[in-house]
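Enquirer: Keeping their order, the protein sequence lines are chains U and E. According to my numbering, the first sequence is numbered sequentially starting from 9. According to my numbering, the second sequence is numbered sequentially starting from 54.
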Amino acid sequence: MEIIQIVGLGLITTILILVVREQKPMFAFLLAAFTGLFIFLYMIGKIETVITVLEQLADRSGIPSIYLKTILKIIGIAYIAEFGAQIVRDAGQESVASKIEFAGKVLILVMAVPIIGVIVETVIGLLPAGS
Amino acid sequence: MLAWLAAWLKQIIAVVLLAGLIDLLLPNQTMQRYVRLIAGLIILLTLLSPIIRLLQGDYDTQLNASFDNWLKASPPKEYRMPTLEDIQRDAEALKRKQELAAAALTEKQLASAMKEALERGTGLKVSSVSVRLAGTSKTDAASVQTVEVTLDSMGGAPDESPGAASGGEGEAGTASGGEGDEGKASGLEGGADAGEIQPVESVDSVSVFVQVDTNRVNGSDSGQPVSEGYAPVEGRAAEAVRRVLSEGWSVPPGVVSVRMASSDGAGAGAAPD
Numbered sequence: 009m010e011i012i013q014i015v016g017l018g019l020i021t022t023i024l025i026l027v028v029r030e031q032k033p034m035f036a037f038l039l040a041a042f043t044g045l046f047i048f049l050y051m052i053g054k055i056e057t058v059i060t061v062l063e064q065l066a067d068r069s070g071i072p073s074i075y076l077k078t079i080l081k082i083i084g085i086a087y088i089a090e091f092g093a094q095i096v097r098d099a100g101q102e103s104v105a106s107k108i109e110f111a112g113k114v115l116i117l118v119m120a121v122p123i124i125g126v127i128v129e130t131v132i133g134l135l136p137a138g139s
Numbered sequence: 054m055l056a057w058l059a060a061w062l063k064q065i066i067a068v069v070l071l072a073g074l075i076d077l078l079l080p081n082q083t084m085q086r087y088v089r090l091i092a093g094l095i096i097l098l099t100l101l102s103p104i105i106r107l108l109q110g111d112y113d114t115q116l117n118a119s120f121d122n123w124l125k126a127s128p129p130k131e132y133r134m135p136t137l138e139d140i141q142r143d144a145e146a147l148k149r150k151q152e153l154a155a156a157a158l159t160e161k162q163l164a165s166a167m168k169e170a171l172e173r174g175t176g177l178k179v180s181s182v183s184v185r186l187a188g189t190s191k192t193d194a195a196s197v198q199t200v201e202v203t204l205d206s207m208g209g210a211p212d213e214s215p216g217a218a219s220g221g222e223g224e225a226g227t228a229s230g231g232e233g234d235e236g237k238a239s240g241l242e243g244g245a246d247a248g249e250i251q252p253v254e255s256v257d258s259v260s261v262f263v264q265v266d267t268n269r270v271n272g273s274d275s276g277q278p279v280s281e282g283y284a285p286v287e288g289r290a291a292e293a294v295r296r297v298l299s300e301g302w303s304v305p306p307g308v309v310s311v312r313m314a315s316s317d318g319a320g321a322g323a324a325p326d
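If you want it as structure tokens, here you go:
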């Protein structure tokens with residue numbers, strides 16, 4: 009029943025923010041940010057279970073561990089970038105948020121570089137020699 | 054064959070499942086296209102794995118190596134702000150380098166001026182003059198520590214046998230010390246115009262030693278110049294050389310050593326002491 013706790017926390021925070029915003033917009037933002045951080049960390053702990061399942065899956069089917077590492081890194085990058093971007097967006101800095109997302113996308117794409125390298129080498133190796 | 058096929062299929066299924074899971078795990082739509090691309094690449098790699106293995110052996114190690122390279126290459130790229138100490142150290146090093154360069158230039162000019170004056174004043178053929186200065190910092194007074202004059206063996210004065218007077222040179226070498234400071238002051242006005250640059254010692258276009266310790270004024274200095282292939286020169290020629298140097302640059306005669314290239318190898322036997 010953690011979802012009830014989380015939703016309750018969210019509702020209370022929302023009401024508090026609505027009350028406080030008139031007087032101190034700064035505190036309203038801080039409240040939102042810290043609530044978001046709390047929920048994020050709380051849920052990150054839960055993700056561990058999913059990751060364990062993924063690892064088992066990879067183990068049993070003999071996928072090279074490098075794939076799993078890459079995938080987990082991608083997930084982590086996506087989550088962290090998303091979270092940071094949302095907090096910044098809450099503060100009203102849409103442009104900074106989009107830059108954070110941009111950085112996340114670039115990092116995810118960079119993850120693909122070794123894989124692309126291997127594939128390209130294979131494809132070139134498939135072609136007859138001399139090309 | 055069947056077992057291998059089963060393993061391959063299992064791998065493909067697992068990767069596809071994995072890709073589906075991360076698609077679910079993803080937080081929002083913005084990242085989805087990018088992650089899907091990479092998941093697709095991984096699936097493609099898995100599908101291709103038999104071909105890859107056929108073509109280039111163990112691509113796993115290759116993939117691992119490229120990942121490791123990529124992961125290892127990133128940390129060194131992070132650059133940090135230089136601290137004040139770093140900057141000061143750099144400045145110190147630069148200053149030292151500059152001083153050394155200035156010293157080299159000064160000593161070169163000094164040596165060439167000396168050579169010219171010697172050739173004019175004594176009529177001897179001087180093949181090279183090397184000046185070694187003591188004192189390297191700007192606040193230090195630079196003094197002429199040793200002057201080494203190499204005469205051309207053809208032009209050298211033949212009135213003395215090379216080894217004959219080598220003992221005298223050894224005593225003469227003890228004289229430098231305090232006079233060296235005056236020698237530098239007046240020597241610089243005669244030689245190079247760079248009065249504020251002290252550490253100068255040049256071996257004519259060969260090499261340059263700047264020596265810091267001013268204590269080395271005892272007899273050991275005079276022993277140095279006599280090296281392989283050179284014979285010390287004393288007598289009239291050496292006196293003439295010393296006179297010119299002490300008149301032009303106030304170099305104390307004790308620090309001047311005169312030698313000539315000995316073609317017959319007599320220099321080895323003629324070493325003083």
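For every residue, glycine included, the Cβ atom is placed at its ideal position computed from N, Cα and C. Everything numeric in this text was worked out from a predicted model, so none of it was measured.
Comparing C-alpha positions only, which one of E/Q141, E/L58, E/L90 and E/A166 sits nearest to E/S183?
Expert: Residue E/A166 is the option with its Cα nearest to E/S183.
Enquirer: Are the C-beta atoms of E/K125 and some chain U residue less than 8 Å apart?
Expert: Not an interface residue.
Enquirer: Using DSSP with H/G/I as helix, E/B as strand and the rest coil, what is E/T304?
Expert: What sits at residue 304 of chain E in the sequence shown is Val, not Thr. Three-state DSSP puts E/V304 in coil, outside helix and strand.
Enquirer: Can you have a look at E/S239 and say buried or exposed, based on whether 16 or more other CB atoms are within 10 angstroms of its CB?
Expert: In this predicted model, E/S239 has a pLDDT of only 46, less than 50, meaning its place in the structure is not dependable; the value taken from the coordinates is given anyway. Per the 10 Å Cβ criterion, exposed.
Enquirer: Which same chain residues end up closer than 8 Å to U/A93 when comparing Cβ atoms and leaving out the 5 residues on each side of it in sequence?
Expert: So the list reads A105, S106, I108, E109 and G112, once near-sequence residues are dropped.
Enquirer: Considering only the alpha carbon of each residue, which of U/T60, U/I79, U/I123 and U/V15 lies closest to E/Q115?
Expert: Nearest C-alpha to E/Q115: U/I123.
Enquirer: Should the region 84 to 104 of chain U be regarded as contacting the region 32 to 47 of chain U, the criterion being three or more beta carbon pairs within less than 8 Å?
Expert: Taking 8 Å as the limit for Cβ pairs, the verdict is that the region 32 to 47 of chain U does touch the region 84 to 104 of chain U.
Enquirer: Output yes if chain U places a C-beta closer than 8 Å to the C-beta of E/I75; else output no.
Expert: It does; some Cβ of chain U falls within 8 Å.
Enquirer: Quick one: what's E/A284 bridged to in DSSP?
Expert: E/A284 is bridged to E/M313.
Enquirer: Check whether the region 12 to 25 of chain U and the region 73 to 88 of chain U touch, using three or more Cβ-Cβ pairs below 8 Å as the test.
Expert: Because the criterion of three Cβ pairs below 8 Å is not met, the region 12 to 25 of chain U and the region 73 to 88 of chain U do not touch.
Enquirer: In three-state terms, what does DSSP make of E/T203?
Expert: Strand at E/T203.
Enquirer: Within 8 Å (strictly less), CB to CB, does E/Q115 reach chain U?
Expert: It does: the Cβ of E/Q115 has a partner Cβ on chain U nearer than 8 Å.
Enquirer: So, are the CB atoms of E/A72 and E/I96 less than 8 Å apart?
Expert: Yes.
Enquirer: Would you identify the three-state DSSP class for E/A187, choosing helix, strand or coil?
Expert: Reduced to three states, the DSSP call for E/A187 is strand.
Enquirer: Reducing DSSP to helix, strand and coil, say where U/Q64 ends up.
Expert: U/Q64: helix per DSSP, three-state reduction.
Enquirer: Since E/D18 and E/K178 should fall inside the 8 Å C-beta cutoff, what is the C-beta to C-beta distance between them, to a whole number of angstroms?
Expert: Residue 18 of chain E falls outside the range modelled here, since chain E spans only 54 to 326, and no answer is possible.
Enquirer: Give me the DSSP bridge partner(s) of E/V69.
Expert: None; E/V69 has no bridge partner.
Enquirer: Does any residue of chain E bring its CB to less than 8 Å from the CB of U/S103?
Expert: No, because no Cβ of chain E sits closer than 8 Å to the Cβ of U/S103.
Enquirer: Name the chain U residues that come within less than 7 Å of E/A60, Cβ to Cβ?
Expert: Residues of chain U passing the Cβ test: G70.
Enquirer: Please classify E/D212: is it buried, with 16 or more other beta-carbons within 10 angstroms of its beta-carbon, or exposed?
Expert: Below a pLDDT of 50, predicted positions are generally treated as unreliable, and E/D212, at 45, falls in that range; the measurement from the model is reported next regardless. Counting Cβ neighbours within 10 Å, E/D212 comes out exposed, since fewer than 16 surround it.
Enquirer: How about the region 143 to 158 of chain E and the region 169 to 176 of chain E: do they share at least three Cβ pairs that are nearer than 8 Å?
Expert: Because the criterion of three Cβ pairs below 8 Å is not met, the region 143 to 158 of chain E and the region 169 to 176 of chain E do not touch.
Enquirer: What residues from chain U crowd round E/Q64, counting only those whose CB sits closer than 7 Å?
Expert: Residues of chain U passing the Cβ test: S69, G70 and I71.
Enquirer: Leaving out the 5 sequence neighbours to the left and right, which residues in its chain are closer than 6 Å to E/V309 when beta-carbon positions are compared?
Expert: Here the set comprises V200, R295 and L298.
Enquirer: To the nearest angstrom, how far is it from the Cα of E/D77 to the Cα of U/I132?
Expert: Reading the sequence as shown, one finds Leu at residue 77 of chain E and not Asp. Roughly 34 Å separates the two Cα atoms.
Enquirer: Since I believe U/L65 is in contact with E/L70 (beta carbons under 8 Å), could you give me their beta-carbon distance rounded to a whole number of angstroms?
Expert: Indeed, because the Cβ distance is near 6 Å, the residues count as touching under 8 Å.
Enquirer: Which residue or residues does DSSP assign as beta-bridge partners of E/V182?
Expert: Looking at the DSSP assignment, E/V182 forms a beta bridge with E/V202.
Enquirer: At a CB-CB cut-off below 7 Å, which residues of chain E make contact with U/K113?
Expert: Near U/K113 (Cβ distances below 7 Å), the residues of chain E are M84 and Y87.
Enquirer: Give me, in chain order, the residues of the same chain whose beta-carbon lies closer than 8 Å to that of E/L88; leave out the 5 immediate sequence neighbours on both sides.
Expert: Residue identity differs from the one stated: residue 88 of chain E is Val in this sequence, not Leu. Answer for E/V88: I75, D76 and L79, listed in chain order.
Enquirer: Please name the residue in U/K77, U/L134 and U/L117 whose C-alpha comes closest to that of U/I59.
Expert: For the residues U/K77, U/L134 and U/L117, the minimum Cα distance to U/I59 belongs to U/K77.
Enquirer: What residues of chain U sit near E/L147, judged by a beta carbon separation below 7 Å?
Expert: Chain U residues near E/L147: none, gap ~37 Å exceeds 7 Å.
Enquirer: Consider the Cβ of U/G16: report whether some Cβ of chain E lies at a distance smaller than 8 Å.
Expert: For U/G16, the answer is no, since every Cβ of chain E falls outside 8 Å of its Cβ.
Enquirer: Would you mind giving the Cβ-Cβ distance between E/M313 and E/A284, rounded to the nearest angstrom? I have them listed as a contact below 8 Å.
Expert: 6 Å between Cβ atoms; contact.
Enquirer: The alpha helix (DSSP H) with U/Q31 in it runs from where to where?
Expert: Note, U/Q31: premise wrong, no alpha helix (DSSP H); not H, not E.
Enquirer: For E/L108 and U/V121, I'd like the C-alpha separation in whole angstroms.
Expert: If I take the Cα positions, the gap works out to 21 Å.
Enquirer: So what does E/S196 bridge to, in DSSP terms?
Expert: According to DSSP, which records beta bridges pairwise, E/S196 is partnered with E/A187.
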